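S.K.: I am attaching a structure below and will ask some questions about it afterwards.
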Amino acid sequence: MFQRIESRRWLAAAGLALSVALFAACGGSAADRSSPANGPAGSDGASSQTNSSDAKSGAMVGAEAGVTAGQRDSSAAPQAAGAPASSGGSLALPSQLDRKMIMVATITLTTEDVAGGFEDVGAIATGAGGFVSSSSFGHKGEKETASVTIRVPVDKFHDTIVRLRELGKVSGEDGSSNDVTEEFTDLESRLRNLKRSEETYLGFLGRANDIGEVMQVQDRINATRAEIEQVQGRINLVQHQTDLATISVHLNPPVVQEEPKPATGDRTPLEVAADSFQASLDVLLGIATVALAVAAFSWWLLPLAAAGWLLGRRQMRAR
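Here the sequence shown stands for residues 16 to 334, numbered as in this note's numbering.
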């Protein structure tokens with residue numbers, strides 16, 4: 016009995032000590048949490064002034080960081096677009112209809128009617144909903160040559176190539192395609208981020224307090240607008256290149272092969288003699304032509320020769 020009473024007392028004492036320790040720990044953490052609130056009023060005022068003075072600059076830095084982060088997100092956007100879907104356990108297949116492709120082809124044709132083929136290429140481009148972007152027509156000796164560059168919608172690219180092959184004999188053909196989907200997606204994302212930054216800077220401009228802040232914000236706005244124009248120009252160029260395919264067509268006449276001349280061994284002796292006689296006449300004619308040219312050029316030497324002859328005669332008589 017006495018042992019039970021002693022054990023209960025020890026348990027009660029242990030419980031009381033545990034309660035005191037927990038109470039002290041709770042009080043210390045509460046004091047730590049309440050210490051900033053119980054600090055001097057002067058420090059709160061200094062902190063408030065610092066936050067107020069750095070608010071605009073911090074927001075502007077945040078806007079620039081948003082543009083940088085947007086560029087990183089835009090570079091990762093094409094990968095995220097092709098990543099597996101997390102809901103439903105199904106995979107998201109990439110859509111081939113949304114891809115941006117630059118299609119380019121060059122075809123060389125041999126045709127008897129180069130001028131007619133030149134007009135037919137333009138008609139094919141117009142019929143496909145495109146146009147002739149550049150052309151040239153000329154002569155190489157007595158032969159006509161032409162080159163035409165046309166732009167047609169991408170969905171009519173293969174049909175247009177098939178129709179062009181019918182204009183003559185295909186002597187050369189080359190084609191290529193460039194997938195610019197990733198670049199186009201990145202440009203669109205950059206453009207959205209830049210426009211959001213511009214709106215943020217415009218908000219800062221309305222809340223500027225002095226000329227220095229106005230000039231600083233205006234410089235940021237001008238730089239952002241310059242980037243917007245650059246990115247928008249690149250988007251327009253890529254969009255134009257992907258909407259219309261480029262096909263270059265070269266039209267040439269057929270090459271006429273000359274008949275080979277007969278070898279000397281196949282000629283008769285009479286033909287060889289006639290050719291030799293004609294060659295000798297050509298040589299004599301050349302010599303006579305040279306002699307006449309020398310005589311006509313040396314007429315002024317005759318008076319000098321006559322004067323020298325007379326002077327020589329007089330000297331001979333004097334002796």
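Just so it is clear, CB atoms sit at the ideal spot from N, CA and C, and this is done for glycine as well. These numbers come from a predicted model, not from an experiment.
Taking the alpha-carbon positions, what's the residue 160 to residue 129 distance?
M.R.: Residue 160 and residue 129: Cα-Cα distance of roughly 6 Å.
S.K.: So residue 7 is in the alpha helix (DSSP H); what residue range does that whole segment cover?
M.R.: Nothing can be reported for residue 7: it is not among the residues displayed for the chain, which extend from 16 to 334.
S.K.: How big is the Cα-Cα spacing for residue 141 and residue 242?
M.R.: Looking at the two C-alpha atoms, the distance is approximately 37 Å.
S.K.: So what's residue 114 in DSSP terms, helix, strand or just coil?
M.R.: Correct three-state label for residue 114: coil.
S.K.: Is residue 186 near residue 121, with beta carbons less than 8 Å apart?
M.R.: Going by C-beta atoms, residue 186 is not nearer than 8 Å to residue 121.
S.K.: Classify residue 269 as helix, strand or coil using the three-state DSSP reduction.
M.R.: It is coil, neither helix nor strand.
S.K.: Which residue marks the beginning of the beta strand (DSSP E) containing residue 171, and which one marks its end?
M.R.: It is not in any beta strand (DSSP E) - residue 171 carries neither H nor E in the DSSP assignment.
S.K.: Residue 127 to residue 158, Cα distance in whole Å?
M.R.: Cα to Cα, the separation comes out at about 10 Å.
S.K.: Helix, strand or coil for residue 119 per DSSP?
M.R.: Strand, per DSSP.
S.K.: Here's the rule I'm using: 16 or more other beta-carbon atoms within 10 Å means buried, otherwise exposed. How should residue 172 be labelled?
M.R.: Classification for residue 172: buried.
S.K.: Are residue 209 and residue 246 touching if we call contact CB-CB under 8 Å?
M.R.: Cβ distance < 8 Å, so residue 209 and residue 246 count as in contact.
S.K.: Output needed for residue 318: all residues of its chain with C-beta closer than 8 Å, excluding positions within five of it in sequence on either side, in chain order.
M.R.: So no residue of the chain qualifies.
S.K.: Measure the Cβ-Cβ separation of residue 5 and residue 133 and say whether it is below 8 Å.
M.R.: Residue 5 lies beyond the stretch modelled for the chain, which goes from 16 to 334, so this question has no answer here.
S.K.: Secondary structure at residue 232, three-state DSSP: helix, strand or coil?
M.R.: DSSP places residue 232 in helix when its eight states are reduced to three.
S.K.: Hey, which unbroken runs of the beta strand (DSSP E) at 3 residues or more fall wholly within the region 175-246?
M.R.: Segments of the beta strand (DSSP E) lying fully in the region 175-246: 184-194.
S.K.: If you reduce the DSSP assignment to three classes, tell me which class residue 85 lands in.
M.R.: Since pLDDT at residue 85 reaches only 48, below the 50 mark, its modelled position is unreliable, and the value read off the structure follows with that caveat. In this structure, residue 85 counts as helix in the three-state DSSP scheme.
S.K.: Taking residue 260 and residue 167 to be in contact with their CB atoms under 8 Å, please state how far apart those CB atoms are, rounded to whole angstroms.
M.R.: Yes, they are in contact, since the Cβ atoms of residue 260 and residue 167 sit about 6 Å apart, within 8 Å.
S.K.: Can you tell me where the beta strand (DSSP E) with residue 153 in it begins and where it stops?
M.R.: Start and end: 146-155.
S.K.: To the nearest angstrom, report how far apart residue 328 and residue 304 are at their CA atoms.
M.R.: Distance between the alpha carbons of residue 328 and residue 304: 35 Å.
S.K.: Determine whether the beta carbon atoms of residue 249 and residue 202 lie at a separation below 8 Å.
M.R.: Their beta carbons are under 8 Å apart, which means residue 249 touches residue 202 by this criterion.
S.K.: Please report the distance separating the alpha-carbon of residue 228 from that of residue 237.
M.R.: Going from the Cα of residue 228 to the Cα of residue 237 covers about 14 Å.
S.K.: Where do the N-terminal and C-terminal ends of the alpha helix (DSSP H) with residue 141 fall, by residue?
M.R.: Here the alpha helix (DSSP H) through residue 141 covers 129-142.
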